[in-house]
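For reference, the structure is listed below as structure tokens.
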Amino acid sequence: MPQSFSHSPLAANQLITLRALGLLLQLVLTFFGADAFGLSLKTEPLQYVFAIELAYLGVTLWLRHGIVRHSGGLFISLLIDTLLWISWLYFSGGATNAFISLLLLPIAIAAVTLPSWAPWTMAALTTAAYSLMLFAAPDSSDMAGSMHSAHAHMGHEMADTGGMNSHFIGMWLNFVLSALVLTTSVALISRRLRAADARLAALRESQLRQEQLLALGTASAQMSHQLATPLATLRLLVDEAMEEAAENAGNGAGNNAAAGAAAGVAELPAEMDLALRRCESTLSELRAATEAIRERHQAVVSVEALCNSLADRVLLLMPDVSIEIQFDKTVQARRLCSDMSLLPSLLALVDNGARASRQQTGEARVWLSATAVDNNRLRLTIRDEGKGIDAAQLQALGARPVASEQGLGMALMLTHASLERLGGELVLSNMSPDATGGISSRGAATGSSSGCIASVYLPLLCAEEAGL
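The letter at position 110 of the sequence shown is residue 110 when you use the UniProt record's numbering, and the numbering goes up by one with no holes.
Set out below in structure tokens:
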């Protein structure tokens, strides 16, 4: 939910201003407007009411920012305000007070700023107080006399006591109807506005993330273009070095010592060639992925084929990583839509998990499971044996760049964006102390109580969509 009125920094000052203006209005009506508005004052109790209100105003002025920080604090402050208003109304005429409709103000504030139960509570309290004041009011003749003094200068006189009873009952019914309108219509409109604000906030956050990804993609394209030339130069140098190493090995075939040295030197270009091939392969895949994403090209693959491709890529690119895969039989043959960005996204999660396991246990191990959720979604769970993710970063990772020991979390951010484009979702969580993970039956997997779980949710295709 977005930051509403009740939680904004300006709300504290606004509520204090309303509270001070309300107290000022009570003082003016009590000392200067009692005769004009026909208020029946009880001076001694009102003095205590004003003293309490002044003290309460001072306390809330001191604690104003803490009060509005939580909905409970705001509700309690509105509740006290309402009780103080009820006290002033009771000791200044009760149901005959022309300003009794001001009890609608806390209902309106609660309807706009608090959950739906708050305005209903306020409405019940104020309606009960109004009803009790109406029931405890003096008889109709006294009420008529008090109202006569207020309306005599306007020429409005009520001749019979039955008319006065109808008048005050009508005021009460009008108050009840107004309270119902505030608790229903105004509260509904307020909830819709807050929901719209939440959608706008989510849209702004998504737009900001897309702008960041666009900037990152632009920079990646520029860097890949710049890397093409030095990689081509390195390829020529490595090829020349390998040819020279082969010639030296042939010339020194008769000399065992020279042959051994030549063989050792020949291994260096071979290792360089392997690393260079990986760079060239990655650069080619980046270009292919960029082209596929631009044309929105997608392919239909089975869950088994996707997991096997992931295992093959891990074996090729991360030979020191041990990955164990477990399929749910009900999902093994199911199909889903994939593009060029899905496999690199899963590889990034495996790489993060492997590094976390290596730092914690000295061995790069991850576990992958594939299960169906609600028969229409695939859940790929990648679990490691690391120390887990800090709780403060858990929600932010993947949604926006977050500073950490390994960097800014850009790989997770790109993974999150790639999965969203495919209609999927990435959920990160830490292992609970009693969790088993449900990934492997081996002791190393089920016995560990630490680690992080990366859950990838992807939509599965039905038989018609998959072309079966």
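Just so it is clear, CB atoms sit at the ideal spot from N, CA and C, and this is done for glycine as well.
Terminal residues of the alpha helix (DSSP H) in which residue i lies
i   : result
T60 : 43-62
L78 : 71-90
A36 : 34-37
Pair within 8 Å by beta-carbon distance, residue i and residue j
i           : j    : result
W242        : A288 : Before going on, a small fix: residue 242 reads as Met here, not Trp. Contact: no.
D384        : V366 : yes
D328        : T282 : no
F75         : L114 : yes
V368        : I323 : Looking at the sequence provided, one finds Leu at residue 368 rather than Val. Yes, the pair counts as a contact, with Cβ atoms nearer than the cut-off.
R335        : V301 : yes
A354        : M318 : yes
F175        : S101 : yes
L274        : R313 : no
E304        : Q332 : yes
L461        : C307 : no
Y48         : L84  : no
L39         : N97  : yes
L134        : W172 : yes
A95         : F32  : no
A196        : P119 : no
T30         : L15  : no
G388        : S450 : yes
E53         : L23  : yes
L236        : E280 : no
residue 491 : L276 : Because the chain here runs from 1 to 468, residue 491 falls outside it and cannot be looked at.
A299        : P269 : no
N352        : P459 : no
G66         : G73  : yes
Integer-rounded CB distance, given that residue j should sit under 8 Å from residue i
i    : j    : result
T82  : L103 : 7 Å
R64  : A12  : 4 Å
A129 : I86  : 5 Å
S429 : I453 : 5 Å
E420 : Y457 : The pair is not a contact, with the Cβ atoms about 11 Å apart (cut-off 8 Å).
G386 : S357 : 6 Å
V350 : I382 : 6 Å
A111 : L182 : 5 Å
Reduced DSSP secondary structure (H/G/I, E/B, other) of residue i
i    : result
L24  : helix
S116 : coil
A159 : Residue confidence is low: A159 scores 45 on pLDDT, short of 50, so the model does not pin down where it sits. Its coordinate-derived value is still stated next. Looking at A159 - three-state DSSP - the assignment turns out to be coil, as it is neither helix nor strand.
N174 : helix
F99  : coil
V186 : helix
S40  : coil
G68  : The amino acid at residue 68 is misidentified as Gly; the sequence shows Val. Three-state result, V68: coil.
A11  : helix
C307 : helix
I16  : helix
L422 : coil
G94  : helix
A137 : coil
C279 : helix
M242 : helix
A144 : Only weak support is given to the placement of A144: the predicted model assigns it a pLDDT of 44, under 50, and the value that follows is read from those uncertain coordinates. Residue state, collapsed to three classes: helix.
Residue i: CB within 7 Å of a non-hydrogen atom of the ligand FAD
i    : result
L347 : In terms of ligand content, the structure shown is empty, and the ligand FAD therefore cannot be addressed.
Where the beta strand (DSSP E) containing residue i begins and where it ends
i    : result
A454 : 452-459
A299 : 299-302
L428 : 425-430
Within the stretch 313-400, note down every full alpha helix (DSSP H) run reaching 4 residues or more, in order along the chain.
Counting only runs of 4 or more, we get 342-361, 391-394.
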